[in-house]
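Enquirer: Going by this note's numbering, the final residue of the sequence shown carries number 949, and the count climbs one at a time with no gaps.
Glycine included, each C-beta is placed from N, C-alpha and C at the ideal position.
This structure is in C-alpha cells; I'll ask about it shortly.
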Amino acid sequence: MKAVNPGDDSGLAKVEPVPPTRPWTTLMRAFLAIPLPAEIKNRAVLVQRQLTGALAGIRWVKPANMHLTLKFFPALAEENLEKIGQIMLSVGVLLTSFPVSIQGLGTFPNPARARVFWLGVQGGAFLNQLYERLEQEFEQLGIPREGRLFAPHLTLGRHRRGLFVPESICRQYEAFHGGTFHVDQVVLYQSRLEPSGAIHLPLRSLSLGGSLPDPSHPKKDR
Numbered sequence: 728m729k730a731v732n733p734g735d736d737s738g739l740a741k742v743e744p745v746p747p748t749r750p751w752t753t754l755m756r757a758f759l760a761i762p763l764p765a766e767i768k769n770r771a772v773l774v775q776r777q778l779t780g781a782l783a784g785i786r787w788v789k790p791a792n793m794h795l796t797l798k799f800f801p802a803l804a805e806e807n808l809e810k811i812g813q814i815m816l817s818v819g820v821l822l823t824s825f826p827v828s829i830q831g832l833g834t835f836p837n838p839a840r841a842r843v844f845w846l847g848v849q850g851g852a853f854l855n856q857l858y859e860r861l862e863q864e865f866e867q868l869g870i871p872r873e874g875r876l877f878a879p880h881l882t883l884g885r886h887r888r889g890l891f892v893p894e895s896i897c898r899q900y901e902a903f904h905g906g907t908f909h910v911d912q913v914v915l916y917q918s919r920l921e922p923s924g925a926i927h928l929p930l931r932s933l934s935l936g937g938s939l940p941d942p943s944h945p946k947k948d949r
C-alpha cells in the first residue's frame with residue numbers, strides 16, 4: 728500500500744475559486760403621488776366615519792397614507808432612483824401649480840361588489856398633462872406605461888371580498904364636495920409593508936415651478 732503524505736494533495740480534487748458575482752439589485756415598492764393638505768384629509772376622514780356606520784368590514788386608509796397616486800412601481804431598482812429624480816426635476820420646471828377638486832364617492836369595480844372605496848378627483852387637462860409627461864419620460868427609462876386609463880382618485884378604504892353598497896348611499900354622496908387645493912408638489916415614496924400596515928417614506932420631491940401652457944390652446948407649429 729502506498730503511503731500517503733499528509734502534505735501531498737496532488738491526488739485530491741481541487742475546488743476552483745468562484746469568481747465574484749454582481750451584487751443583487753435592491754428592489755423596493757414605490758409610488759409617485761401628489762401629497763394632500765390637512766383640510767382635504769380631514770374631510771376624507773369624515774366620510775370614512777360616516778360610512779363606517781353603514782358599511783362593515785372596510786379597512787380604512789390612515790390619514791398619513793392618503794395621497795393621489797400618479798404612478799406605482801412594484802419593483803423599483805434602487806439604481807434608478809437618481810434617474811427618476813432627474814425626470815421629476817425636468818418635468819417640474821416645465822409645469823406650474825394647478826387646482827384640483829375632490830368630488831363624489833365611487834367604488835371599484837362597482838357598487839354591487841365594491842372592493843375599493845374612493846373620492847373622485849377633478850384636475851382637468853393640467854393633471855392629465857402632468858401624468859402624460861411623466862409617463863413619457865418613464866417609458867424612455869424602460870418603465871412600461873400603466874395598462875389602464877388614468878383615473879385619478881383618493882382611496883378611502885378597501886374590502887377584501889367585495890361589499891354591496893346600497894343605492895341610497897351612492898345617491899347621498901353624488902354631490903359631495905371635499906374641497907379644492909393647488910397641486911405644487913409631487914413626491915416619490917417608498918412603501919414598506921410592516922405588521923402594523925404600510926409606511927410611506929419620501930425619497931424624492933418635485934416642485935412645480937415653471938409655466939404650463941393652457942392645454943385647451945395647443946401651441947401651433949410655425
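(1) Helix, strand or coil, according to DSSP, for Phe908 in the structure here?
(2) Please list the terminal residues of the continuous alpha helix (DSSP H) segment that includes Val774.
(3) Look up Ala791 in the DSSP assignment and say whether it is helix, strand or coil.
(4) What residues in its chain sit with their C-beta under 7 Å from that of Gly906, if we drop five residues either side in the sequence?
(5) What span of residues does the beta strand (DSSP E) with Val820 cover, start to end?
(6) Please determine, among Glu862, Ala841 and Leu821, the residue with the shortest C-alpha to C-alpha distance to Ala783.
(7) Helix, strand or coil for Ser828? Go by DSSP, reduced to three states.
(8) Can you grab the Cα-Cα spacing for the pair Leu822 / Ala781, in whole Å?
(9) Apart from the five residues on each side of it in sequence, which residues of its chain come closer than 7 Å, Cβ to Cβ, to His886?
Expert: A quick look at the data gives this:
(1) Position 181 of the sequence shown, counting from 1, holds the residue named residue 908. Three-state DSSP puts Phe908 in a strand.
(2) Within the sequence shown, residue 774 is the residue found at index 47, counting from 1. Looking at the DSSP string, the run of the alpha helix (DSSP H) that includes Val774 is Ala765 to Thr779.
(3) Mapped onto the sequence shown, residue 791 falls at position 64. Ala791: helix per DSSP, three-state reduction.
(4) Within the sequence shown, the letter at position 179 stands for residue 906. If we look at Gly906 and ignore the five residues flanking it on each side, its Cβ neighbours are Glu766, Ile767, Arg770 and Ile829.
(5) Numbered from 1 along the sequence shown, position 93 holds the residue referred to as residue 820. Val820 -> no beta strand (DSSP E), and no H or E assigned at all.
(6) The count along the sequence shown starts at 1 and reaches residue 783 at position 56. Closest by alpha carbon: Ala841.
(7) Counting from one through the sequence shown, the residue named residue 828 turns up at place 101. DSSP places Ser828 in strand when its eight states are reduced to three.
(8) As a position in the sequence shown, residue 822 is number 95, starting the count at 1. As a position in the sequence shown, residue 781 is number 54, starting the count at 1. Computed Cα separation, rounded: 42 Å.
(9) To locate residue 886, count along the sequence shown from 1; it is residue 159. Counting only Cβ-Cβ distances below 7 Å, and skipping sequence neighbours, we find Gly784, Ile785, Ala841 and Arg842.
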